[in-house]
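Undergrad: The opening position of the sequence shown corresponds to residue 1 in full-length UniProt numbering, with each subsequent residue numbered one higher.
A virtual CB, placed ideally from N, CA and C, is assigned to each residue, including glycine.
In this text, all values refer to a predicted model and were calculated from it rather than measured experimentally.
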Amino acid sequence: MSLFAWRWIQRKIPTDDVLKKRGFSLGSKCQCCGQEESFDHIFLTSHTPHS
Ligand SMILES: [Zn+2]
C-alpha cells in the first residue's frame, strides 16, 4: 500500500485515534472483541468500525 493510499484511508475512516487528535474522546470499543477501536486495530484485524 502506498503512503498516499494509507493517508487517504486514514482521512476517510475517522476512528477514535483521529478524533482524539482533533480533541474528541468517545472511548468507543470494538464490538467484535471489546478492545479500543483504533485505526490500527481496525486495519490489522479487519474488524468493521461501528460509527
Ligand atoms: Zn476488534
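Which residues neighbour ligand 1 when neighbourhood means a C-beta less than 6 Å away from any of its non-hydrogen atoms? List them by chain order.
TA: C30, C32, C33, Q35, H41, T45, H47
Undergrad: Would you call the CB atoms of E37 and S28 closer than 8 Å?
TA: yes
Undergrad: Please report how far the alpha carbon of G34 lies from the alpha carbon of Q10, in whole angstroms.
TA: 21 Å
Undergrad: Who are the Cβ neighbours of C32 in its own chain at under 6 Å, not counting the five residues just before and after it?
TA: Its chain contains H47 as the residues whose beta carbon lies nearer than 6 Å to that of C32, once the 5 sequence neighbours on both sides are disregarded; these appear in chain order.
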